[in-house]
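Once you know that position 177 of the sequence shown is 177 in the numbering used here, the rest is easy, because the numbers rise by one and skip nothing.
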Amino acid sequence: MKKPFIAVTLILTALLVVTFSIYQPNTITTDNAYVQSDVTSISPEVSGQVNKVYVKDNQWINKGAPLFSIDDKDFVANKKIAISLLDVANAALSANQTQIEMQEIKIAQAGQTIHSSEANAVYQRAELQRYTSLLNKQSVSTNQFEAQRSTSIDSESLLASAKLGLTAEQKQYQALLAQRLQLSAQLEQAQANLRLVNIALERTIIKAPLDGFITNRQVQVGKYVTPGMGLITMVPNYIWVEANFKETQLETLKKGQTVEVVLDMFSDRKLTGHVTSITPATGSQFSLLPAQNATGNFVKVVQRVPVRIQLDIPDDLKQRIYPGLSATVAISTLTSETTVIN
């Protein structure tokens, strides 16, 4: 009796273990999961012929390292032209400043001339009045009186002329100030043009914008390139797993829950991670041609929602897990939300 009982007990225990391992109500799994990364396409920002390539396919490169360079002869010549234009603008502004200073002196001189002319006109008016009184008394001749009147008129004319001269000098001064504004704007334009030329010259050396692997290199020495051409693809070291779960599995899924990940490439290793975010829409909403269920025959299809998972990558697997690798993901829905460290 004991042996059959023991055998039945063992069989039931084995069935329970198998059933529990297959059906875990607090764990959701999917094999619709893939490693993702922010793959970056490198393009030049200036046109020209490539004269040197510094990298090879599948090479690891650090941020700021040169990738390839474009022949810079035209850009160096443009820089010399821009420097010359800047020198011309500086010289013109300096000459204008000298003219303004000289004009200020002329205005001061015109003011002194007016002051002298006013004093002379006042004196000649007084003399004319004196001569008029003397003429009435017949103490001076008519010729003397006419001569004094003529002198008085000349002094008034000189005063009016001096005032007009001051007005003309002031107008010239205002014109020089307006010219200074124009020349200052031309100087700023020349400075901005030089900065643009320097930027273009710097961009003849295309540098890595991030740390990562060089892939899909399509640049060779002698190739003419233009802005926007994808010539090198860089794959950064930062990766994550995007798991697509059925909508029926999401009821208890939360940010921060613990995740077990098995990559097909390393099927004997269990990696850990945690849920960092859940996409607020199903994958079909982002497709090029979303399904239109309101037209035609309707067939219900279980939708899937992308879930982003951050991996805790061991040191021996760093730089060995690549975007596009397949994975199997299991999430324990019993774990509470934790603080995610990016």
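Think of the CB as a built atom: it goes at the ideal place given N, C-alpha and C, for glycine as much as any other residue.
Cβ atoms of residue j and residue i: under 8 Å apart, would you say?
i	j	result
residue 187	residue 103	no
residue 32	residue 243	yes
residue 214	residue 232	yes
residue 234	residue 325	no
residue 273	residue 305	no
residue 70	residue 51	yes
residue 121	residue 156	yes
residue 85	residue 216	no
residue 27	residue 329	no
residue 331	residue 271	no
residue 383	residue 46	In the structure as shown, the chain begins at 1 and stops at 342. Residue 383 is therefore absent and cannot be evaluated.
residue 299	residue 248	no
residue 236	residue 212	yes
residue 202	residue 106	no
residue 285	residue 333	no
residue 255	residue 277	yes
Write down the C-beta distance between residue i and residue j rounded to the nearest angstrom, noting that I regard them as a contact closer than 8 Å.
i	j	result
residue 164	residue 118	Actually they are not in contact, since the Cβ atoms of residue 164 and residue 118 sit about 14 Å apart, beyond 8 Å.
residue 48	residue 197	With a Cβ gap of about 14 Å, residue 48 and residue 197 do not count as contacting.
residue 114	residue 166	6 Å
residue 97	residue 127	About 45 Å separates the two Cβ atoms, so there is no contact after all.
residue 205	residue 66	5 Å
residue 110	residue 178	With 8 Å as the limit, residue 110 and residue 178 do not qualify as a contact, their Cβ atoms being about 20 Å apart.
residue 309	residue 321	With a Cβ gap of about 13 Å, residue 309 and residue 321 do not count as contacting.
residue 35	residue 327	6 Å
residue 307	residue 262	The pair is not a contact, with the Cβ atoms about 16 Å apart (cut-off 8 Å).
residue 151	residue 172	Between residue 172 and residue 151 the Cβ distance is about 31 Å, and since that is not below 8 Å, they are no contact.
residue 210	residue 63	5 Å
residue 37	residue 230	With a Cβ gap of about 17 Å, residue 37 and residue 230 do not count as contacting.
residue 190	residue 89	4 Å
According to DSSP, is residue i part of a helix, a strand, or is it coil?
i	result
residue 271	strand
residue 402	This structure cannot settle anything about residue 402, because the visible part of the chain is limited to 1 through 342.
residue 75	helix
residue 204	coil
residue 287	coil
residue 255	coil
residue 57	coil
residue 341	Low per-residue confidence applies at residue 341: pLDDT is 36, beneath 50, and the placement is therefore not dependable enough to give any value.
residue 323	coil
residue 250	coil
residue 197	helix
residue 299	coil
residue 225	strand
residue 166	helix
residue 265	coil
residue 133	helix
residue 45	coil
residue 120	helix
residue 106	helix
residue 140	coil
residue 112	helix
residue 343	Outside the displayed range of the chain (1 to 342) lies residue 343, so it cannot be described from this structure.
residue 177	helix
residue 62	coil
residue 186	helix
residue 210	coil
residue 1	Low local confidence applies: a pLDDT of 49 at residue 1 is under 50, so the model's placement there is unreliable, with the coordinate-based value given in what follows. Coil.
residue 96	helix
residue 148	helix
residue 191	helix
residue 90	helix
residue 128	helix
Could you tell me the boundaries of the beta strand (DSSP E) in which residue i lies?
i	result
residue 332	326 to 332
residue 31	27 to 37
residue 66	66 to 70
residue 49	48 to 53
residue 42	40 to 42
State the beta-bridge partners of residue i as determined by DSSP.
i	result
residue 244	306
residue 215	233
residue 260	272 and 330
residue 239	37
residue 311	273
residue 278	307
Output yes if chain D places a C-beta closer than 8 Å to the C-beta of residue i; else output no.
i	result
residue 120	In the structure shown, chain D cannot be found, because there is only a single protein chain.
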